[in-house]
Amino acid sequence: MIPGALGLLVCAALWEAVPRLGLVSSAYLPPFTTTLDALGGELTDPAFWSALGDTLTGWALGLALATAGGVLAGLVIATVPYLRELTSSTVEFLRPIPSVALIPLAILLFGTELRSVLLLVVYAAFWQVLVQVLYGVQDVDPVAEDTARAFGLGPWARIRHVVWPTALPYVMTGVRLAAAVALILAVTVELVIGAPGLGHRINVAQTSQAVPDMYALILVAGCLGVLINTGARLVERRALSWHRSVRTEAPA
Amino acid sequence: MLEVKGLRKVYEGSGRRVEALRDLTFRLDAGELVCVVGPSGCGKTTLLKCVAGLLAPTEGSVTLDGVPVTGPRPGLAVVFQEYGRSLFPWMRVTENVELPLRQRKMPRDARRARVSEALDAVGLGDVGRAYPWELSGGMQQRVAIARALAYEPDVLLMDEPFAAVDAQTRADLEDLVRGLWRRRGMTVLFVTHDIDEAVYLGERVLVLSPSPTVVREEVVVELPAERDQLTTRADVRFTGLRSRVLGLIRDGGGAADQVSKAGRSGSGSDS
Numbered sequence: 079m080i081p082g083a084l085g086l087l088v089c090a091a092l093w094e095a096v097p098r099l100g101l102v103s104s105a106y107l108p109p110f111t112t113t114l115d116a117l118g119g120e121l122t123d124p125a126f127w128s129a130l131g132d133t134l135t136g137w138a139l140g141l142a143l144a145t146a147g148g149v150l151a152g153l154v155i156a157t158v159p160y161l162r163e164l165t166s167s168t169v170e171f172l173r174p175i176p177s178v179a180l181i182p183l184a185i186l187l188f189g190t191e192l193r194s195v196l197l198l199v200v201y202a203a204f205w206q207v208l209v210q211v212l213y214g215v216q217d218v219d220p221v222a223e224d225t226a227r228a229f230g231l232g233p234w235a236r237i238r239h240v241v242w243p244t245a246l247p248y249v250m251t252g253v254r255l256a257a258a259v260a261l262i263l264a265v266t267v268e269l270v271i272g273a274p275g276l277g278h279r280i281n282v283a284q285t286s287q288a289v290p291d292m293y294a295l296i297l298v299a300g301c302l303g304v305l306i307n308t309g310a311r312l313v314e315r316r317a318l319s320w321h322r323s324v325r326t327e328a329p330a
Numbered sequence: 005m006l007e008v009k010g011l012r013k014v015y016e017g018s019g020r021r022v023e024a025l026r027d028l029t030f031r032l033d034a035g036e037l038v039c040v041v042g043p044s045g046c047g048k049t050t051l052l053k054c055v056a057g058l059l060a061p062t063e064g065s066v067t068l069d070g071v072p073v074t075g076p077r078p079g080l081a082v083v084f085q086e087y088g089r090s091l092f093p094w095m096r097v098t099e100n101v102e103l104p105l106r107q108r109k110m111p112r113d114a115r116r117a118r119v120s121e122a123l124d125a126v127g128l129g130d131v132g133r134a135y136p137w138e139l140s141g142g143m144q145q146r147v148a149i150a151r152a153l154a155y156e157p158d159v160l161l162m163d164e165p166f167a168a169v170d171a172q173t174r175a176d177l178e179d180l181v182r183g184l185w186r187r188r189g190m191t192v193l194f195v196t197h198d199i200d201e202a203v204y205l206g207e208r209v210l211v212l213s214p215s216p217t218v219v220r221e222e223v224v225v226e227l228p229a230e231r232d233q234l235t236t237r238a239d240v241r242f243t244g245l246r247s248r249v250l251g252l253i254r255d256g257g258g259a260a261d262q263v264s265k266a267g268r269s270g271s272g273s274d275s
């Protein structure tokens, strides 16, 4: 914790010193304190809060849709025989398409609406979840499966009590990765196509020469990323308290 | 009660055919405790899975109370060797024991009562809130036994349940199983590779041949019902039976000329 804080302090000090010493023109890189002033200004501007709200809405909705879709599709594909083989080549083809390559398509379909952001966020985040669910279901222990069958658990009960808990650590990893990707995509799409949100506001600040504001907004986006990752890890630890990667008591 | 007739199991896959079981025929009467012993790799687990309805036999049949076993049956519970993988780490001990009862839609209060009774029966009345992985290996296997008991099966199948615990724990668990069997009157099919264990526990011992597997012989264990780790194992009848079973496993031969060899190379769980 303390070395981490120290690292941040050093960064801030460097950021302050470099423009002040004239190593970089402060027109391109305003000193840290100037950026903080701009950040203070942003925080009192209602338009900033509505932009933040727009970004978070796109992020949360997109992530929720991608998670629901990824989990559902993953469970179905992994538990229905042959469906996995049937879909694997399609998944391997669609997954590597960079989401940003679909920006023109999003503009064609939805213009600059929220739906454009959603389309791309969902596309990027969905694969992260799906792939993890597929791995997770494969990880089901044959002895656990035999036990469940021997004790009369039907297919649904086995999915609920054996397959799902086994896959849960993978799902959590998938959702954490998806949450990060979703934020990147939300900001990117706003920036590139001008859908309302932080990304759009960054673009406006840049084109109107409000450089300190631009940096302040970038800082905000960075902090969002950190918060999202920390939150996801917390949820993960709580949900997986029984899992060997989390539990503290070693088996006797 | 439980009847296995002409059971054959051939695994087929990727161009290889493995005949795990060739021809097994035997029966268990209600309330019997029968041990199955055989050399490693002779298909003991395959046999048990066929009896449990987890595997379909290639030929032959398994019938329970006259009804062919085609899938897992409510009157039949299994205790697996790998307790660590058979108990679910995401469930507390009570939840593990309770899960099969929940599937039967048993009312909550009746469920709770039966779970605590089963845990008491295996001497684990006070660890219900723990997770399985917080317990020792022997305790985990006790939980698995409690889960099977709570299920109130007519037939209890045990697949080398004590192969992974230390000798002292193993002796305790053997006595536990015999005690539970005598009190509850279940039919028990106990699979093991340990000859001493088979003779100590069973009323009969089915000796299997090496693969391709057939029943080589059924040995009736003429020992008193009351068994004790010290006196029973020192009993001349015990050592005689053990040598006979060992002889059968070694080379299918008689027992008399095997006694001296057997004395030196028992199966390792003497206490």
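Read top to bottom, the protein sequences are chains A and B.
The first sequence maps to residues 79 to 330 in the numbering used here.
The second sequence maps to residues 5 to 275 in the numbering used here.
Quick reminder that beta carbons are idealized off the backbone N, C-alpha and C, glycines included.
How long is the line joining the alpha carbons of residue i and residue j, rounded to whole angstroms?
i	j	result
Met95(B)	Leu318(A)	11 Å
Pro111(B)	Gly275(A)	53 Å
Gly10(B)	Arg182(B)	29 Å
Val66(B)	Val40(B)	16 Å
Gln262(B)	Gly206(B)	Here Gln262(B) scores only 40 on pLDDT, less than 50, and its place in the model is too uncertain to base an answer on.
Glu36(B)	Val192(B)	6 Å
Asp274(B)	Gly64(B)	Residue placement at Asp274(B) is poorly supported in this model, since its pLDDT is 40, which falls under 50; the coordinates still yield a value, given next. Approximately 37 Å between the Cα atoms of the pair.
Gly147(A)	Leu269(A)	26 Å
Gly270(B)	Ala152(B)	Annotation note: pLDDT 41 at Gly270(B) (below 50); position unreliable, coordinate value reported separately. Distance between the alpha carbons of Gly270(B) and Ala152(B): 31 Å.
Ile237(A)	Val38(B)	35 Å
Ser264(B)	Leu250(B)	Its pLDDT being 41, under 50, Ser264(B) is placed unreliably in this model, and the value from its coordinates should be taken loosely. C-alpha separation (whole angstroms): 11 Å.
Arg254(A)	Met162(B)	42 Å
Val82(B)	Lys48(B)	14 Å
Pro159(A)	Pro233(A)	13 Å
Val149(A)	Val249(A)	8 Å
Shortest alpha-carbon distance to residue i belongs to which of the options?
i	options	result
Gln206(A)	Trp93(A), Val282(A), Val259(A), Ala91(A)	Val259(A)
Gly220(A)	Val211(B), Cys46(B), Glu86(B), Lys48(B)	The displayed chain sequence assigns Pro, not Gly, to residue 220(A). Ranking Val211(B), Cys46(B), Glu86(B), Lys48(B) by Cα distance to Pro220(A) puts Glu86(B) first.
Thr251(A)	Leu117(A), Phe204(A), Trp137(A)	Phe204(A)
Ala144(A)	Ala105(A), Arg98(A), Tyr201(A)	Tyr201(A)
Phe131(B)	Glu207(B), Pro228(B), Arg112(B), Asn100(B)	Going by the sequence as given, residue 131(B) is Val instead of Phe. Residue Asn100(B) is the option with its Cα nearest to Val131(B).
Asp170(B)	Ser140(B), Asp33(B), Ser247(B)	Ser140(B)
Leu24(B)	Glu201(B), Ala150(B), Lys53(B), Ser18(B)	Note on residue identity: the sequence assigns Ala, not Leu, to residue 24(B). Selected option, being the one with the closest Cα: Lys53(B).
Gly303(A)	Leu117(A), Tyr106(A), Asp123(A), Trp137(A)	Trp137(A)
Glu226(B)	Glu138(B), Arg241(B), Val219(B), Ser215(B)	Arg241(B)
Thr225(A)	Arg20(B), Leu103(B), Arg21(B)	Leu103(B)
Phe126(A)	Ser166(A), Leu295(A), Ala235(A), Phe110(A)	Leu295(A)
Gly88(B)	Ala175(B), Gln233(B), Arg146(B)	Arg146(B)
Thr98(B)	Arg133(B), Arg174(B), Asp198(B)	Arg133(B)
Arg231(B)	Tyr204(B), Leu252(B), Pro214(B)	Tyr204(B)
Leu208(A)	Arg193(A), Gln216(A), Ala151(A)	Ala151(A)
Glu222(B)	Met143(B), Pro61(B), Thr173(B), Gly42(B)	Gly42(B)
Asp33(B)	Leu160(B), Cys46(B), Val119(B)	Leu160(B)
Gly45(B)	Leu252(B), Ser215(B), Thr235(B), Ala238(B)	Ser215(B)
Pro124(A)	Val169(A), Arg279(A), Ala83(A), Ala95(A)	Arg279(A)
According to DSSP, which residues form a beta bridge with residue i?
i	result
Glu63(B)	Arg12(B)
Val218(B)	Asp27(B)
Glu163(B)	Just to set this straight, residue 163(B) is Asp in the shown sequence, not Glu. Answer is Val195(B), bridged to Asp163(B).
Glu7(B)	Arg31(B), Thr67(B)
Gly47(B)	Note: Gly47(B) sits in no beta bridge, so no partner.
Leu37(B)	Val192(B)
Leu212(B)	Val219(B)
Gly17(B)	Arg20(B)
Val215(A)	The partner list for Val215(A) (beta bridge, DSSP) is empty, contrary to what the question assumes.
Going by the CB atoms, is the gap between residue j and residue i shorter than 8 Å?
i	j	result
Val126(B)	Glu164(B)	no
Arg26(B)	Thr217(B)	yes
Pro108(A)	Val289(A)	yes
Leu51(B)	Leu28(B)	yes
Val211(A)	Ala245(A)	yes
Arg208(B)	Val219(B)	no
Ala222(A)	Phe92(B)	yes
Pro157(B)	Gly70(B)	no
Gln233(B)	Ala175(B)	yes
Leu141(A)	Ala256(A)	yes
Val218(A)	Val241(A)	yes
What is the residue span of the beta strand (DSSP E) that residue i lies within?
i	result
Ala142(A)	From DSSP, Ala142(A) is part of no beta strand (DSSP E) but of the alpha helix (DSSP H) over 124-157.
Asp69(B)	No beta strand (DSSP E) contains Asp69(B), which DSSP labels as neither H nor E.
Glu23(B)	20-32
Ala81(B)	80-83
How about residue i: is its Cβ closer than 7 Å to a heavy atom in the ligand MG?
i	result
Arg279(A)	The ligand MG is not part of this structure, which contains no ligands at all.
What residue does the alpha helix (DSSP H) around residue i start on, and which one ends it?
i	result
Ala150(B)	141-154
Ala83(A)	80-98
His278(A)	276-285
Val265(A)	242-271
Thr112(A)	110-121
Phe171(A)	161-172
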